[in-house]
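**Q** Chains as they are written, first to last, in the numbering used here: chain A, -2 to 113; chain B, -2 to 113. First, the structure itself, so that you have it in front of you.
Protein chains: 2
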Amino acid sequence: MKSCNHEAEHEEKARSAALNMPAEEETARVAALFKAISEPCRLKILFALRQGELCVLHIVEAAGGTQSAVSHQLRLLKANGIVRSRREGQNIIYSLADEHVVAVLSLACEHLKCRI
Amino acid sequence: MKSCNHEAEHEEKARSAALNMPAEEETARVAALFKAISEPCRLKILFALRQGELCVLHIVEAAGGTQSAVSHQLRLLKANGIVRSRREGQNIIYSLADEHVVAVLSLACEHLKCRI
DNA sequence: TCAATATATGAATAACTGTTCATATATTAG
DNA sequence: CTAATATATGAACAGTTATTCATATATTGA
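Okay, structure coming up:
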């Protein structure tokens, strides 16, 4: 495998890109955040939570799917610090974890021309 | 499965969330876009392309991995409208497809405090 | 304490995805 | 035309992930 022989300008870009490539760990962390909204099932859950905090059954109503499937996804989202939860009587109330998450969802909404 | 009996405010939110939930197809489309940057291997490729257009081997240099793996990922990215390509002699030159993609990557960079 | 409700979770399965290896295609130089 | 270079791609495999089913736990009301 040999480096292709474009104009030097391109070589320059390649070097620059390699140099500026973020650290492995950072890349993985951001990738994980985006992964949360890269599956429709989770994206819907997070969209629902943009309305404000919701209990599990209300999330199920809004986002669809079975209680079990939603619960599994919520656990995953929580494990990745994307949602948080608190108990209120019989219910567990979920909400978006931080502004980081809100910002990413806002961008998604812009792309969707979302009216939320 | 019965609707939980929170305050009416919560019921309201659930209805609103269900009502404002984007269409299945739109959700899938956005999910696909974010999916592209939800795996380190692709995220690196896209970061490299923020420098400007690059041929495959230069992408390999910058993002790592084998030529074959990168080529497979490029095909996937192109199929999803995230990168585009043009031939220039022996080389195929790739670039980010549109401002949509640039915006998403910028957000990722902000989260990373990326200096690109 | 007992029944009902809300939520979580382990195990199994099915579907999906990334990588590798070998090979094919396309372009250019000689 | 031939050799070398650049890129693409099919098949196989491994790893990951979403869903389902059954069941467990926790809370409340009677």
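From the three backbone atoms N, C-alpha and C, an ideal C-beta is built for every residue, glycine too.
(1) In chain A, what lies closer than 7 Å to residue 101/B by C-beta?
(2) Report all residues from its chain with a CB closer than 8 Å to the CB of residue 31/B; omit the five preceding and five following residues, and keep chain order.
(3) Which residue's Cα is closest to the Cα of residue 85/B: 10/B, 45/B, 47/B and 51/B?
(4) Tell me the DSSP bridge mates of residue 84/B?
(5) With a threshold of 8 Å between beta carbons, is residue 89/B in contact with chain A?
(6) Output the distance between the C-alpha atoms of residue 6/B and residue 36/A, rounded to the nearest integer angstrom.
(7) Just the chain A side, please: which residues come within less than 7 Å of residue 49/B by C-beta, in chain order?
(8) Is there a Cβ from chain A that is less than 8 Å from the Cβ of residue 79/B?
(9) Starting from residue 66/B, trace the alpha helix (DSSP H) in both directions and tell me its first and last residue.
(10) If we ignore side chains and look at the alpha-carbon of each, how far apart do residue 57/B and residue 55/A end up?
(11) Give a yes or no on whether the minimum CB-CB distance between residue 7/B and chain A is below 8 Å.
(12) Tell me residue 51/A's beta-bridge partners as DSSP assigns them.
(13) Using a Cβ cut-off of 7 Å, pull out every chain A residue sitting near residue 66/B, in sequence order please.
(14) Determine, using beta carbons only, whether residue 80/B and residue 46/B come nearer to each other than 8 Å.
(15) Taking 8 Å as the threshold (C-beta atoms), are residue 42/B and residue 70/B in contact?
(16) Tell me the residue span of the alpha helix (DSSP H) that contains residue 23/B.
(17) Cα separation between residue 18/B and residue 29/B?
(18) Using the rule of at least 16 other Cβ atoms within 10 Å of the residue's Cβ for burial, across every protein chain shown, is residue 20/B buried or exposed?
(19) Measuring CA to CA, which of 53/A, 59/A and 87/A is closest to residue 72/A?
(20) On the premise that residue 14/A lies in contact with residue 48/B, defined as a C-beta separation below 8 Å, what is that separation, rounded to the nearest angstrom?
(21) Just to confirm, is the Cβ distance from residue 67/A to residue 60/A under 8 Å?
(22) Counting contacts by CB-CB distance shorter than 8 Å, is residue 32/B in contact with chain A?
(23) I'd like to know whether the C-beta of residue 36/A is nearer than 8 Å to at least one C-beta of chain B.
(24) In angstroms, rounded to a whole number, what distance separates the CA positions of residue 8/B and residue 78/A?
(25) Return helix, strand or coil for residue 96/A, following the three-state DSSP convention.
**A** According to the structure data:
(1) Neighbours of residue 101/B on chain A, chain order: 104.
(2) Cβ neighbours of residue 31/B beyond the five flanking positions: 101.
(3) Check the Cα spacing between residue 85/B and each of 10/B, 45/B, 47/B and 51/B: the tightest is with 51/B.
(4) Answer is 89/B.
(5) False, the Cβ-Cβ gap to chain A never drops below 8 Å.
(6) Distance between the alpha carbons of residue 6/B and residue 36/A: 29 Å.
(7) Neighbours of residue 49/B in chain A, taken as residues whose beta carbon is under 7 Å from its own, are 10 in chain order.
(8) It does not: the Cβ of residue 79/B has no partner Cβ on chain A nearer than 8 Å.
(9) Note, residue 66/B: alpha helix (DSSP H), 64 to 76.
(10) Rounded to whole angstroms, the separation of the alpha carbons of residue 55/A and residue 57/B is 46 Å.
(11) Cβ-Cβ to chain A under 8 Å: yes for residue 7/B.
(12) Under DSSP, residue 51/A takes part in a beta bridge, and its partners are 91/A.
(13) Simply none; closest approach about 13 Å.
(14) Taking 8 Å as the Cβ cut-off, residue 80/B and residue 46/B qualify as a contacting pair.
(15) Closer than 8 Å, so yes.
(16) Start and end: 21 to 33.
(17) Rounded to the nearest angstrom, the two C-alpha atoms are 17 Å apart.
(18) So residue 20/B counts as exposed.
(19) If we check each option's Cα against that of residue 72/A, 53/A comes out closest.
(20) Yes, they are in contact, since the Cβ atoms of residue 48/B and residue 14/A sit about 4 Å apart, within 8 Å.
(21) Result yes, Cβ atoms of residue 67/A and residue 60/A sit closer than 8 Å.
(22) By this cut-off, residue 32/B is an interface position.
(23) Yes, residue 36/A lies at the interface with chain B (some Cβ there is under 8 Å from its Cβ).
(24) Roughly 25 Å between the two C-alpha positions.
(25) Of the three classes helix, strand and coil, the one that applies to residue 96/A here is helix, per DSSP.
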